[in-house]
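Take the sequence shown: its position 182, counted from the start at 1, is 182 in UniProt numbering, and no numbers get skipped. Note that the Cβ used here is the ideal one computed from N, Cα and C, for glycine as well. As the structure is a prediction and not an experimental result, all values here were calculated from the model.
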Amino acid sequence: MTAPDFEDFLAPRPVLAHDLIHHGKIWDIVSEKVDLGEAGQVTRELMDHPGAVTVLALDDQERVLMIRQYRHPVQMELWELPAGLLDVPGENPVAAAQRELLEEADLRAAEWSLLAEWFNSPGGSNEALRCYLARGVSEVPEAERYQRGEEELNMPTRWVPLDEARDAVLAGAIHNPGAVIGILAAVAAKAAGWSTLRPADAPWPAHRNYR
Numbered sequence: 001m002t003a004p005d006f007e008d009f010l011a012p013r014p015v016l017a018h019d020l021i022h023h024g025k026i027w028d029i030v031s032e033k034v035d036l037g038e039a040g041q042v043t044r045e046l047m048d049h050p051g052a053v054t055v056l057a058l059d060d061q062e063r064v065l066m067i068r069q070y071r072h073p074v075q076m077e078l079w080e081l082p083a084g085l086l087d088v089p090g091e092n093p094v095a096a097a098q099r100e101l102l103e104e105a106d107l108r109a110a111e112w113s114l115l116a117e118w119f120n121s122p123g124g125s126n127e128a129l130r131c132y133l134a135r136g137v138s139e140v141p142e143a144e145r146y147q148r149g150e151e152e153l154n155m156p157t158r159w160v161p162l163d164e165a166r167d168a169v170l171a172g173a174i175h176n177p178g179a180v181i182g183i184l185a186a187v188a189a190k191a192a193g194w195s196t197l198r199p200a201d202a203p204w205p206a207h208r209n210y211r
């Protein structure tokens, strides 16, 4: 195995046993016995997660669309970007991002680019995420809007200048990881004249379902 100079790369180890500990509504908890070669065999418990996509929608005034949502595990209302799970079998990640922007924000976008990707907690979860930059946004006609319900009903929204959103992240006022990463990535990409953006359909080897 030849490692790239400065890049994460696939290097799977043999899984000797795989056991389901808990089957959840959205994700499972599993136990795997892994052969690490000279380091021996270890057992790891992890969250088996479908992954997710996040959308940083930027309007012509360079404002970011933010959505406030209650998150019970942390018992806080968080300012976030539109986002959703990759829980539709066979759905393209870009199509999932477009769907989430429509469902959560009543918006469409003419231009889509890949802004950032990451693992939320690689020490205990295989959850892979991508953040897309959506520009050329327009409102969906009222007759075509998604009828939201449950926790997504009546979520407050706000268009925030990109620099103001950056300052909120650096001040510790914003905690959602997708929002933190997406906002800082957008600021960095803007400073580089948007030259760091990748095509929305760029390969995603970090996600097991899209390799």
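{"Check": "CB-CB length for G178 against L81, believed under 8 Å", "Outcome": "5 Å"}
{"Check": "Close-in-space but distant-in-sequence residues of the same chain around D35 (CB under 7 Å, 5 per side omitted)", "Outcome": "R13, P14, L16 and Q41"}
{"Check": "Candidates D167, E111, V88 and E144, of which the one nearest A102 by Cα", "Outcome": "At residue 102 the sequence reads Leu, which differs from the Ala that was named. When each option's Cα is compared against that of L102, the closest is E144."}
{"Check": "Meets three-Cβ-pair contact criterion under 8 Å: the region 63-72 and the region 20-35", "Outcome": "no"}
{"Check": "Alpha-carbon spacing of P205 relative to L133, whole angstroms", "Outcome": "20 Å"}
{"Check": "Reference E139; option with closest CA among A3, A202 and A110", "Outcome": "A110"}
{"Check": "Alpha-carbon spacing of G136 relative to A168, whole angstroms", "Outcome": "24 Å"}
{"Check": "Nearest candidate by alpha-carbon position, reference I157, set F9, E38 and Q69", "Outcome": "Here residue 157 is Thr; the residue named in the question, Ile, does not match the sequence. Taking only the C-alpha atoms, the option nearest T157 is Q69."}
{"Check": "Alpha-carbon to alpha-carbon, V94 and L78", "Outcome": "24 Å"}
{"Check": "Proximity to K33 [Cα-Cα], best of A39, L170 and E45", "Outcome": "E45"}
{"Check": "Residues of its chain near E117, where Cβ-Cβ distance is below 8 Å and the 5 sequence neighbours each way are ignored", "Outcome": "A128, L129, R130, C131, W204 and A206"}
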